[in-house]
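Here's the structure, in structure tokens; my notes come after.
Residue numbers (my numbering), protein chains in the order written: chain A, 2 to 84; chain B, 123 to 358.
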């Protein structure tokens, strides 16, 4: 997987698609369930943090890892986007 | 010691070196059961089970009684009284490091597969501090080692200081001649764990990936465990 500057909008749909891709999962993913149960590991969290950074959204590894659910990440990204 | 065994392909060397560096601890690896189908969730569950089996084997080797580690709310293993340790999983392989709690106040271990150069470049801006990027660049081996050793530090130190911390809370120091690798805290985490404190680190690499560990001797209780032996820098 190669990350470059992305033209997409970082929204809920984008986040869900990225998480499904990162987890190599076929879905569906319960948005309130810990992604650890879906196979999330530290390297995948780090990759998502890095990818968000390329979109100008600064979230730390720990921001993501402390509450690893789709709902929590969506809220975190919305807050960091300045929304 | 570290006799080659089936299922350890590529990990024999790093495993032997970690065991030599921490002779008072026990380190066991376990291959996860192969998954016929499914994504990361199935593989991860198999790795989780392998990690618990590795921990049981390490506990058996350490104190004669296999134990099954519990699981905390955050997912970290919960050890029976008297034991201290950590588990790591990586792409079908699991490792457990266990020691006596009377000798160690914290133990952390981590394995990571060799990073592709693209992934190393992606994660370096988040996993490495500016100083680390200046020292190690985006070299896949070193990015993997830095990432991994900070995982090991987190596992060893976070329960001890009672808080979580991020990858920028410590940085790997460039190697100096004759001194073993070490991490330096970049911020105050708890009384006694202030910015500038150095923590010994063990870094090993092999064909399968990198293996790192952090062992924090219990102050005043080190006779049973001793200090980690000085270790050589990772083989390239």
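Backbone N, C-alpha and C fix where the C-beta goes; we use that ideal spot for every residue, glycine too.
{"Check": "Rounded separation between residue 226(B) and residue 266(B) - CA only", "Outcome": "26 Å"}
{"Check": "Under 9 Å (Cβ pairs) to chain A, residues found in the segment 306-321 of chain B", "Outcome": "none"}
{"Check": "Cβ-based burial, residue 52(A) [other Cβ within 10 Å; buried from 16]", "Outcome": "buried"}
{"Check": "Coil, strand or helix - residue 266(B) by DSSP", "Outcome": "helix"}
{"Check": "Partner residues on chain B for residue 75(A), Cβ-Cβ distance less than 9 Å", "Outcome": "Within 9 Å Cβ-Cβ: nothing; residue 75(A) doesn't reach chain B, min ~20 Å."}
{"Check": "Start and end residues, beta strand (DSSP E) containing residue 226(B)", "Outcome": "226-235"}
{"Check": "Residues that residue 327(B) bridges to, as DSSP identifies them", "Outcome": "332(B)"}
{"Check": "Partner residues on chain A for residue 249(B), Cβ-Cβ distance less than 7 Å", "Outcome": "47"}
{"Check": "CA nearest to the CA of residue 56(A), picked from 31(A), 78(A), 23(A) and 18(A)", "Outcome": "78(A)"}
{"Check": "Endpoints, the beta strand (DSSP E) within which residue 442(B) is located", "Outcome": "Absent from the structure is residue 442(B), since the part of chain B shown begins at 123 and ends at 358."}
{"Check": "Test: residue 63(A) CB closer than 7 Å to a CB of chain B", "Outcome": "yes"}
{"Check": "Beta-carbon neighbours of residue 71(A), restricted to chain B and to distances below 8 Å", "Outcome": "Correct list: empty, because the minimum Cβ distance to chain B is about 14 Å."}
{"Check": "Extent of the continuous beta strand (DSSP E) run through residue 292(B)", "Outcome": "292-294"}
{"Check": "Cutoff 7 Å: residue 78(A) Cβ touching any chain B Cβ", "Outcome": "no"}
{"Check": "C-beta neighbour in chain A for residue 273(B), strict 7 Å", "Outcome": "yes"}
{"Check": "Delimiting residues of the beta strand (DSSP E) encompassing residue 209(B)", "Outcome": "205-212"}
{"Check": "Alpha-carbon spacing of residue 262(B) relative to residue 239(B), whole angstroms", "Outcome": "5 Å"}
{"Check": "Where the beta strand (DSSP E) containing residue 18(A) begins and where it ends", "Outcome": "It is not in any beta strand (DSSP E) - residue 18(A) instead sits in the alpha helix (DSSP H) that spans 13-24."}
{"Check": "The segment 179-197 of chain B in contact with the segment 141-156 of chain B per 3-pair CB rule at 8 Å", "Outcome": "yes"}
{"Check": "Exposure label - residue 50(A); buried when at least 16 CB within 10 Å", "Outcome": "buried"}
{"Check": "Three CB pairs or more closer than 8 Å across the segment 131-145 of chain B and the segment 328-337 of chain B", "Outcome": "yes"}
{"Check": "Under 7 Å by beta carbon: chain B residues contacting residue 31(A)", "Outcome": "The premise fails here: residue 31(A) is roughly 12 Å from chain B at the closest Cβ pair, so nothing lies under 7 Å."}
{"Check": "Helix, strand or coil at residue 139(B) [DSSP, three-state]", "Outcome": "helix"}
{"Check": "Three-state secondary structure assigned by DSSP to residue 340(B)", "Outcome": "coil"}
{"Check": "Pick from 217(B), 142(B), 213(B) and 256(B) that is closest to residue 177(B), judged by C-alpha positions", "Outcome": "217(B)"}
{"Check": "Residues of the segment 276-291 of chain B with Cβ closer than 8 Å to any Cβ of chain A, in chain order", "Outcome": "286, 287, 288, 289 and 290"}
{"Check": "Residue 58(A) vs residue 19(A) beta-carbon contact at 7 Å", "Outcome": "no"}
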